[in-house]
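K.L.:
Before anything else, here's the structure in question.
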Amino acid sequence: MKTKSQSIEKFSKSDVFLVRKIFTVTLFLSLLSGIGYSQNLVPVKGNVRSGDDGSSLPGVTVVVKGSNTGSVTDFDGNYAIQVPADGTLIFSFIGYGTKEVHVNSSSVIDLELFADAALLDEFVVTGYSSQQRKNITGSVAVVDTDNLKRVPAGSAQEALQGMASGVNVIKSGVPGAGGKITIRGMTSFGNTDPLVIVDGIEQNLNNISAQEIESIQVLKDAGSASIYGVRGANGVILVTTKKGKSGTPSISYDATYGMIHPLPGNPFNLLNSEEYMDVYNQAFPNNDRFMNGMPDFMYRGPSGAGVAFAGDPAVDPSNYFYASPNRGQNYLIQEVNKEGTDWFHALFKKAPSTEHNLSVSGGTDKSKYLFSLGYMHQEGTLIETYVKRYSARVNTEFQLGNHIKIGENLNIIYRQNPGFGENSDFGGIVEAIKMQPIVPLKDIMGNWGGTFGGPGLGDGNNPIAVQSRNRKNDVLNEWHIIGNAYAEVEFLENFTARTSIGYNISNFYNQDFNTTQVENVQGNNSENSLSINSSYDSRMTFTNILSYMNVFGNHSIEVLAGSEAIEYTGRGLNASRQRYFSEDFNFLILGNGTDAIANSSSINGSNLFSLFGRLDYIYDEKYLLGATLRRDGSSVFGPEQRYGVFPSISLGWRVSEESFMQNMIWLSDLKLKGSYGVLGSQNNISAVNAFSLYGSGMTSTYYDITGSSNSIVQGFATNRIGNLATGWEENVVSNVGFDVSVLNALEVSVEYYKKRINGLLFTEPLPAVVIGGASAPSVNIGDIQNTGIDASLTYRGKIDNDFNYSIGANIANYKNEVVNIPDPGYFFSGSHQALGSMVRNEEGHPVSSFYGYNVIGLFNSQAEVDAAPTQTGAAPGRFKYQDLDGDGEITPDDRTHLGDPNPDFTYGINLNLTYKNFDLSAFLYGSQGNDIFNLTKTYTHFMAYYPTTNLSKDLLNAWTPENQNTHIPIVEAQGSFSSTMAPNSFYVEDGSFLKFRSLMLGYTVSASVLERIRLSRLRIFAQAENLFTLTKYSGLDPEIIGGSTSALGLDRGSYPNNEMGLIFGLSASF
Amino acid sequence: MRPTDKLLVAGLLLFNFSCNESYLEIEPFGSVSETTLANERGVDLLLIGAYSLLDGGGTVGGNYLGGIGYLRGGDEVTVGTESGQSPYNVFTYTEADANIEDKWKNLYSSVGRSNDVLRMLPKVTDASPEKLLQVEAEARFLRGVYYLYLAKFFRNVPWIDESITYAAKNYYISNTSDIYPRIEADFQFAADNLTETKSQVGRANKWAAKSFLAKTYMFQNKFSEAKELLDDIIANGKTSNGLKYELLDKYNDNFVARSKNGSEAVFTVQMSVNDGTTNGNGNYMDRYNGTYGGPATCCYGWGQPTFDLVDAFQTDASTGLPLIDTYQLTPIPHDNGIESSQPFTPYQGTLDPRLDWNVGRRGIPYRDWGVHPGKAWVRNQFNSGPYNVIKNIVEQARKDTDMGTDGASNNPYSMIRFADVLLWAAEAEIEVGSLAKAEEYVNRVRLRAANPDGWVKTYVDPSNPLAGFTDTPAANYKISPYSGHFLANGKAFARKAVYFERRLELALEHHRFFDMVRYTGRDFDILEKMNWLMGREGDEILNQSNNWKSGEFVRNKHEYFPIPLGQIDLSRADGVSVLEQNPGY
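Same order as they appear, the protein sequences are chains A and B.
For the first sequence, position 935 matches number 935 in my numbering, and the numbering has no gaps at all.
The number in my numbering is simply the position in the second sequence, starting from 1, with 10000 added.
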């Protein structure tokens, strides 16, 4: 009885090695043709063995450096060759590292070669199984985990950016936010997150450090992912964490410490106080702040707000009065900041981050263990934002007798991450725009400055005050316990049965305290309030698999059948109160709030039961066939549509193994492959979609029918309309491609795919007359299609023994098209108070296209206005829109698609050099052809929507009758369809970028030194993060996580994630 | 293979491929299905759900613009912020306007709640026919109320009743047939079947239904039908708590929670705050209105009265009658642009006392919150003028019970109050009855306003407004009844007098714009009024490029909102929308 890997190994050793030997002999013989010998040759012989297991290596090529002279080892690993006396021999063997040895008059040279990692024989984890890389027929991107660890990132999710072809990661700058992964484009208007399976259990990749990871595979096509059936539509990411290895205990420790710096300069390009006054006066002559020039002070008290010059009795400090909440009694005075407050850099400060990982691993041939501890603390440059993560992992495995293996994986994570609401029209980062430069950070008595203490300062929140209060008062703590226990039994020579039961349990505790914002003109009278939310989620996965594998003659076959039950339950509690006598953190429990007592709870649940099977067949090492089938039954569908079947088939042809290819010695491997199959999704559907339901809510259905004024009586109303006919979302995916390996140094993989999503689960767009206030059911209407090319390239080379290098590049290209959505064939998305909707998802166009009027210039005169097509609000200095239908009038029919937030392609480039003990690596990431709708311009470039914000320096070059050579419209108070009240192309910008994400220099201390300090390995490094970003985008950062999938690329004030950082680290083992 | 291994494998296989079907059947949590509610108690719970949307919040589109609120104040009120007047004030909204669509969604959601009740009724088997008849009549009453709003806002709307369901796929209904006969039928059914009194004051009774039927007639200029009904209501009507319809002694008692549901309350929305929710059942439509920066501040300082409205409250110093045709010639001096710290003397001429229960203005007590200091309590005089509303503002003495935590109040909003009924009756008398009778009705309303007990008084101690009021009127109030003017001056005068009286009596109660549409053609022209107003206000606002200046009212267009573009798109059956756009859009 053999384990699977043993039998494979046997297969490869006995047969493949023989085949290889033939290849290499052929190669050698072909090299020999037309060779001339040089003089002074000496005979050298020896034996070559595997450094990994000591076995002899047949078929190793032995070549004299700088000549065509060569030989090949025989079946026992012996060779003999004639070499110049001072010559050098090069030993190379496919799948093994090359060695060079100077002959130096030796007549016997024995040596060991070590197997190369990450080459064709490597086993990679695929759906419920593992396969040798060379035999994979589906589209599986294998992530180079060494590169992954070289990127500064708080989690494996962020580190994945640019590491695998076809995988797009948009990172967020918010500490702990993780980012958004999409595989092969936008495949839905809803959830596009791939399924992430860590050691067999669904888990959030954002909770795992890259340091814990042994391998990551991304399953992209139906051939590889269909076995995940209804969960596989957005692609699957398979993660294996590090396990113990037989041998003496090994302790390793990795640590980094870094400092991130906020964006320098004037990132929003805002006006200083003098410029602001000038621009404001243009729009609002004789306004109450600046009618007498720049004032010295501003104030607001019970009898009004005003500005004053020094000495004015209105700003005598004796008037000052401060209480919280205000109740109209406060008298706040602040000194005008005549230079202008740099709100951005008051909000963003340099911030440290650190990460530590300690692991102990080891084992015997009967037991293996790994125990690791991790700690990560990352401060955000935006003050008082942070993430802390504490994690522990215990992975063990025991062999009981010869046939039974049991084991477990356990991961416990505690995370503190209060979060930050970026990309919002109100609150967050835009507040740094909305605060006027004349407002000081603090008022004359050292309390926070803000919009209360003066006239016409708007209604913004001093964001520094808001953040400073959050630190102690806001809590988001999460516990995650993820793990499984498994047993594996081998029987009847070729069978293996495996059972695994796993849980992913999460607990969240969220506390949010809102302090009365005394300095804010709008919040100064609101009561303080505390809200607490707590939830519990549990997902059980019970998997049973029976597999059979055998090799007979030229046939290799593996069959697997399994079942899986997944049970999800969730519970939540929410409570809040207002009016706390004290704002001391230790006082803040619900019981101390005196008003607005509210509480609620929620329950969710769904079950999934699946049967699946796969067949892998290989004939003669050349012809590969894979087939999978999964049948899922889900509780979220009505009885009519409960079960879905997802088949796939994939074929591969290892052309390089054919006899006619054997004279192409440079070609280590060439494989053509193709697959076709169906994936499913039930992401975008409620667990109660099939039911028509009535609900009750104190706000929504209760009424004071008794006229008491202070109490309500329960009522009910329809809250959901059900649809029994709704079924699975189907992704039909075809994939063709090839993998090439040249001289064992260059690997290229190219794939073309077409992914068609049929019967997209879509909330049925129903007229209000039938749906009213209820939730509409999801129905299968709408199709999206993505076509694209994924390509990756890796080249490994060496200049000499001391100098190795590698270059890796990958590219993800896709074209996204909405093929079919319900009448009228489009829907709007992404709304803004001033502009309305600026995104239209429409048949024949990419998901989330920007939509509006095309600006073709500014009107320069009334005569131009009169001559142009009729346009509401047209006036000199305002936008001239394109009359697309040529009817002489600008109407809604003249709107058009203005841009596409989907990139044409994204790419990652990895460079690695090692020279002696030094290593240098660089990583660049880019995105090309993605457009951005810059909504912050509604604040910075116009005064009509929000006339009280600071403004862009662009307005210094605004249109005037004298300054017509500009694209910046006139500075004016009035809003208009022809300026800021309509979505138009003025807001659309090219968001292409190239980021130099990381440059890292490391030094590995040499073994002789280490011996003295009893370490087996020590490496130290320094790393620069985000050295530059090349982009034409005018906002903070063109990488925008955006809103929902149907409204991407909207910049409402995104947290930048292109900030420069400097990181130092070490990694040690002993 | 050892026997234990075999057992283990066999066990695994057994589980593997057998799974109970019930594993995939999960009943929904936290909601109920139809069977749970198909009984006497359940159908009444659904009815409460239908009532609960009267306050404008609690369903889709329940924001302040989308709720039952006004959206347009006619010549009364402007949404005042730094951004200036809203597109609804100045008619610059588009067919795609999201708030207008919200309004539509909100009202059809409300209609849907009424239909929920009517659809459930046939399935109820445990209740008496009498009980079920009352439920049916109340539900149809509410549906009529919501449809009347739809008719006022959009005019041409599809009739969706309880037979229309998602399951039946019969919801593509056109908006081309007249909605008013349907509304009349609902109110007629309610009037025929509802009892005269109700055990809970918030429920509609027979007389509320008759009053709404009368209102429906008024909106169709069916004056004969209206007059007959109104005579009956005035003579015999009573509230659902059994009070005979009569004007309250004090005008302001209609607008504060402590005296609500009195004899004048024909049909009142029951607002509630501090009821376990955060404002969830308070006055949604007016929640953002009021002062800004002062002690009564809750919110955004929206809903500022116009200069023109304040001017209209002038009275003739000798006769005490309104200056119907001439008030525009003598604008009242105001404190626009004057700092609170600078001196200002309030207008000394004679005024209708109802002004100061409607408009917060400098120098006059603002309920019991203190003397209004002018600019200090106004969000943005520069763009929106110097005035604040009062009607939705709670009294300081009762703020703990009457003011919600986010500012909404439980001040009552009477959809119809008896003064409204009397003034309709006056209108109907002018058209099909007696001018003398019309004047009598108007005078009933004016005489109540003339009761000095009901006027705003000065504070005993201006520095402590909670200490109470003196007997001294806060301004120079003078108001008198007409004495034969209607007969003497004829029909045209009488009409204008009634319209003017409605404007003053019902100021800021969200009737004005719809009344203006209704009056037009009867010695009144909304186009002339609105365009004059936009000029007047636009000149008065300090910001010289304010939005009033870009406004223009277009006849046969702006009387109604457009049918929301989004809803037209969603109502396509076989590619053609069943909804036709309103004229002019």
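Every residue gets a Cβ at the ideal spot worked out from N, C-alpha and C, and that includes glycine.
All figures in this text were calculated on a predicted structure; none of them were measured in a lab.
Leaving out five residues on either side along the sequence, give the residues of the same chain with a beta carbon under 6 Å from the beta carbon of GLN511 of chain A.
P.N.:
VAL475, ILE532.
K.L.:
As a quick exercise: from B:LEU10579, B:THR10078, B:ILE10541, B:THR10401, pick the residue whose alpha carbon is nearest that of GLY10276 of chain B.
P.N.:
Residue B:THR10401 is the option with its Cα nearest to GLY10276 of chain B.
K.L.:
In angstroms with no decimal places, state the Cα-to-Cα distance between LEU1079 of chain A and VAL196 of chain A.
P.N.:
Given that chain A is displayed from residue 1 to residue 1070, the structure contains no residue 1079 of chain A and the question cannot be resolved.
K.L.:
Mapping DSSP to helix, strand and coil, what is VAL261 of chain A?
P.N.:
Inspection of the sequence shows that residue 261 of chain A is occupied by His rather than by Val. Coil.
K.L.:
Pick from A:VAL42, A:GLY644, A:GLY626: whose alpha carbon is nearest that of SER634 of chain A?
P.N.:
Considering only alpha carbons, the answer is A:GLY644.
K.L.:
How many Å lie between GLU274 of chain A and SER10545 of chain B at the Cα?
P.N.:
Each residue's Cα considered, the two are about 23 Å apart.
K.L.:
Where does ALA10507 of chain B land, buried or exposed, given buried means 16+ other C-beta within 10 angstroms?
P.N.:
It counts as buried.
K.L.:
For SER10582 of chain B versus TYR10560 of chain B, is the C-beta spacing smaller than 8 Å?
P.N.:
Looking at the sequence shown, residue 10582 of chain B is not Ser but Asn. Cβ atoms of ASN10582 of chain B and TYR10560 of chain B: closer than 8 Å.
K.L.:
So, are the CB atoms of VAL218 of chain A and TYR228 of chain A less than 8 Å apart?
P.N.:
No, these two residues do not count as a Cβ contact at 8 Å.
K.L.:
What distance in whole Å lies between the Cβ atoms of TYR1055 of chain A and ASN173 of chain A, which are believed to be in contact at a cut-off of 8 Å?
P.N.:
Checking the sequence, you will find Gly at residue 173 of chain A rather than Asn. About 4 Å separates the two Cβ atoms, so the contact holds.
K.L.:
When the Cβ atoms of the region 188-203 of chain A are set against those of the region 477-484 of chain A, are three or more pairs found closer than 8 Å?
P.N.:
Yes, they touch.
K.L.:
Count the other C-beta atoms from every protein chain shown that fall within 10 angstroms of the C-beta of GLN10342 of chain B, then say buried if there are 16 or more, exposed otherwise.
P.N.:
Exposed, since its Cβ has fewer than 16 Cβ neighbours within 10 Å.
K.L.:
Quick check on MET10530 of chain B - is its C-beta less than 8 Å from some C-beta in chain A?
P.N.:
No, MET10530 of chain B does not count as interfacial toward chain A.
K.L.:
Whole angstroms is fine: what's the gap from VAL25 of chain A's alpha carbon to GLY380 of chain A's?
P.N.:
Any answer about VAL25 of chain A is weak, because its pLDDT of 42 lies below 50 and its placement is not dependable; what the coordinates show is given next. So the alpha carbons of these two residues sit roughly 59 Å apart.
K.L.:
Can you confirm whether ASP10286 of chain B, when its beta carbon is compared against all beta carbons of chain A, has any partner nearer than 8 Å?
P.N.:
Cβ-Cβ to chain A under 8 Å: no for ASP10286 of chain B.
K.L.:
How many angstroms separate the CA atom of LEU10565 of chain B from the CA atom of GLU10095 of chain B?
P.N.:
So the two alpha carbons sit approximately 6 Å from each other.
K.L.:
Give the secondary structure of TRP448 of chain A by DSSP, where H, G and I count as helix, E and B as strand, and everything else as coil.
P.N.:
Strand.
K.L.:
Report yes if the C-beta distance between ARG289 of chain A and GLY456 of chain A is below 8 Å; otherwise report no.
P.N.:
Yes; because the gap between Cβ atoms is below 8 Å, this pair is in contact.
K.L.:
How close, in whole Å, do the beta carbons of HIS480 of chain A and ASN207 of chain A come, if the pair is a contact with beta carbons under 8 Å?
P.N.:
Rounded, the Cβ-Cβ distance is 6 Å, consistent with contact.
K.L.:
Where does LEU347 of chain A sit, in a helix, a strand or coil, going by DSSP?
P.N.:
It is helical.
K.L.:
Might you give, ordered along the chain, the residues of its own chain that have their beta carbon closer than 7 Å to the beta carbon of ARG895 of chain A, omitting 5 neighbours on each side?
P.N.:
These residues qualify, in order along the chain: TYR851, GLY852, TYR853.
K.L.:
Return the first residue and the last residue of the alpha helix (DSSP H) that ARG997 of chain A is part of.
P.N.:
ARG997 of chain A -> not in any alpha helix (DSSP H); beta strand (DSSP E) instead, spanning 993-1004.
K.L.:
Output, in sequence order along the chain, the residues in the region 970-989 of chain A whose CB is closer than 9 Å to any CB in chain B.
P.N.:
For the region 970-989 of chain A, which is checked against every Cβ of chain B, the residues closer than 9 Å are GLU972, ALA973, GLN974, GLY975, SER976, PHE977, MET981, ALA982.
K.L.:
Taking three-plus beta-carbon pairs below 8 Å as touching, is the region 158-169 of chain A in contact with the region 809-817 of chain A?
P.N.:
The region 158-169 of chain A is in contact with the region 809-817 of chain A.
K.L.:
Taking the beta strand (DSSP E) that TYR694 of chain A falls in, what are its first and last residues?
P.N.:
693-695 is the span of the beta strand (DSSP E), which, as asked, contains TYR694 of chain A.
K.L.:
Are THR548 of chain A and GLY605 of chain A touching if we call contact CB-CB under 8 Å?
P.N.:
The question names Thr, but residue 548 of chain A is Tyr in the sequence shown. The answer is no: Cβ separation not under 8 Å.
K.L.:
Exposed or buried, which one is HIS10334 of chain B when buried takes at least 16 other CB atoms within 10 Å?
P.N.:
That one is buried.
K.L.:
List the residues of chain A whose Cβ lies closer than 9 Å to the Cβ of VAL10273 of chain B, in chain order.
P.N.:
Going along chain A in sequence order, the residues near VAL10273 of chain B (Cβ under 9 Å) are SER709, ASN710.
K.L.:
Check each candidate in A:VAL315, A:TYR331, A:ALA776 and name the one with the smallest Cα separation from TYR322 of chain A.
P.N.:
Checking every option, the nearest Cα to that of TYR322 of chain A belongs to A:TYR331.
K.L.:
Taking GLN10200 of chain B as the query, report the chain A residues whose CB atoms sit under 7 Å from its CB, ordered along the chain.
P.N.:
Residues of chain A passing the Cβ test: ILE705, THR706.
K.L.:
What residues from the region 749-768 of chain A come within 9 Å of chain B, judged by C-beta to C-beta, listed N to C?
P.N.:
Going along the region 749-768 of chain A in chain order, one finds GLU764, PRO765, LEU766, PRO767, ALA768 with a Cβ nearer than 9 Å to chain B.
K.L.:
Beta-carbon of LEU10533 of chain B versus every beta-carbon of chain A: anything under 8 Å?
P.N.:
So, not an interface residue.
K.L.:
Please classify HIS941 of chain A as buried or exposed, where buried requires at least 16 neighbouring CB atoms within 10 angstroms.
P.N.:
It counts as buried.
K.L.:
Do you know how far the Cα of LEU10247 of chain B is from the Cα of GLU10440 of chain B?
P.N.:
Distance between the alpha carbons of GLU10440 of chain B and LEU10247 of chain B: 14 Å.
K.L.:
Please report the straight-line C-alpha distance between ALA10450 of chain B and SER10480 of chain B, rounded to a whole angstrom.
P.N.:
Looking at the two C-alpha atoms, the distance is approximately 7 Å.
K.L.:
For ASN135 of chain A, tell me which candidate among A:ILE618, A:ASP537, A:ASP425, A:PRO295 has the shortest Cα-Cα distance.
P.N.:
Taking only the C-alpha atoms, the option nearest ASN135 of chain A is A:ILE618.
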